[in-house]
Amino acid sequence: MPGVTKPQDVNPARKAEILAEALPYIKRFFDKTVVIKYGGNAMTDPHLKDCFARDVVLLKLVGLNPVVVHGGGPQIETLLARVGKKGEFIQGMRVTDAETMEVVEMVLGGQVNKEIVSLINQHGGKAVGLTGKDASFIRAKKLLMQKENAPGDLVDVGMVGEITKIDPSLIAFLDQGDFIPVIAPIGVGDEGETYNINADVVAGKLAEILKAEKLVLLTNTPGVLDKAGNLLTGLTPRQIDDLVTDGTLSGGMLPKISSALDAARNGVKSVHIIDGRVEHALLLEILTDHGVGTMIKSK
Ligand SMILES: Nc1ncnc2c1ncn2[C@@H]1O[C@H](COP(=O)(O)OP(=O)(O)O)[C@@H](O)[C@H]1O
Ligand SMILES: CC(=O)N[C@@H](CCC(=O)OP(=O)(O)O)C(=O)O
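At position 176 of the sequence shown (counting the first as 1) the number is 176 in full-length UniProt numbering, and the numbers step up by one without a gap.
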């Protein structure tokens, strides 16, 4: 059995102690890249969004290179509803027809991206909003998705993209300046077509390509939970396989866990799925001894 603890909130009483704990982490991560996936489900509360933006600015100011990749699933759903559509997901991927793609691009590349950029900038950061179309830095092709119970058979999920190439030079350039890249998960095809890519997939691949020290995925659960709802604090590939096979992991957790595992196996030193609903979860995870979620191990 993976390590099991009860989900719990972080004790806010130890503030000074926690601040002092940060020093070795600041030294260790100085000038290192940390990819932060900010899930749409974690960005619902204005106060938490504000805390998130402050945390990102603080990480930059103490010498790390935070790179933010955001989602926006629920926000897309809200706009789809306004045009009388309801989202459909297959194995955690949104079925994306042409009209849905327009809405996705509007919400991810526009509304959500600009909101995060503004919040970070209000707190003194220099965030720059991008989609994979900027300098064509995320190239994609149509995802050929295998049917769950009939591998070999394909299911058409429309304009969902599979990443073919990420050019890290634009992000490296921004990192070297004082800038904080904020990336919407949209890719561009060989013919200039637009692809909707799951944000966890973009974050995981980007962390690999940038040789990030850490990948932190902020979501709306305490981490990965077992069937009884207990937090699993550490997971090996074998344990993940078992959880997928017995149906403990489903929906949006599927692309999340497989991206996290790929990143861990491909050189990202530590990968964590954490609760974005905990105030300052990001600082706790990166700069203290108090990790707040599930660590994904490479073996
Ligand atoms: N075993 C599990 N542990 C935790 N969450 C799970 C599990 N299986 C499925 N989920 C679902 O995955 C969701 C997180 O993925 P997703 O909805 O894509 O969030 P995000 O917007 O943060 O990427 C959780 O809210 C939960 O409903
Ligand atoms: C292909 C696919 O599913 N794309 C996602 C992109 C946004 C996303 O991943 O948002 P969250 O991180 O909030 O789930 C979507 O359309 O919802």
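Built from N, CA and C at the ideal position, the CB exists for glycine as well.
Per the Cβ contact rule, the stretch 222 to 230 is not in contact with the stretch 178 to 186 (fewer than 3 Cβ pairs under 8 Å). In terms of CA proximity to Leu231, Gly293 leads the group Asn198, Gly293, Asp178 and Ala207.
Relative to ligand 1, the beta carbon of Met253 is positioned inside 7 Å of a heavy atom. Taking all protein chains shown into account, Asn149 has fewer than 16 neighbouring C-beta atoms within 10 Å of its C-beta and is therefore exposed.
In the three-state DSSP reduction, Gln176 falls in the helix class (H, G or I). For the stretch 92 to 175, the full-length beta strand (DSSP E) segments reaching 3 residues or more read 126 to 131, 138 to 142, 145 to 147, 150 to 155 and 161 to 166 along the chain. Within the stretch 5 to 82, complete beta strand (DSSP E) segments of at least 3 residues are found at 33 to 38 and 65 to 70, given in chain order.
Assignment of beta-bridge partners to Leu218 by DSSP yields Tyr38 and Ile274. At a threshold of 7 Å, Ala207 does not count as near ligand 1, since its beta carbon sits no closer than that to any of the ligand's heavy atoms.
In the assembly as shown, Thr33 is a buried residue. Its beta-carbon has 16 or more other beta-carbons within 10 Å. Secondary structure of Gly204 (DSSP, three-state): helix. Taking C-beta atoms under 8 Å as the contact rule, Val188 and Ser136 qualify, at a distance of about 5 Å. With distances taken between CA atoms, Asp156 lies nearest to Phe89 out of Phe89, Arg139 and Phe179. For the set Val83, Gln91 and Asn113, the Cα lying nearest the Cα of Val103 is the one of Val83.
Leaving aside the five residues that flank Asn266 on each side, the residues in its chain whose CB is nearer than 8 Å to its CB run, in chain order, Glu208. The closest CA to that of Glu21, considering only Ile296, Lys297, Leu284 and Leu79, is found on Leu284. Counting other Cβ atoms within 10 Å of its Cβ, Thr221 reaches 16 or more and is therefore classed as buried.
Cβ-Cβ distances below 8 Å link Asp289 to Glu21 in the same chain, with the five nearest sequence neighbours on each side left out; the list follows chain order. Contact between the stretch 104 to 117 and the stretch 140 to 147 is absent: fewer than three C-beta pairs spanning the two stretches fall below 8 Å. Distances from the CB of Ile197 to the heavy atoms of ligand 2 include at least one below 7 Å. In this structure, the CA atom of Arg139 is about 45 Å from the CA atom of Ala16. When C-beta atoms of the stretch 53 to 70 are compared with those of the stretch 120 to 134, three or more pairs fall below 8 Å, so the two segments count as touching.
In this structure Ala212 is buried. Its beta-carbon is surrounded by 16 or more other beta-carbon atoms within 10 angstroms. Going by beta carbons, Ile274 and Ala260 fall outside the 8 Å limit.
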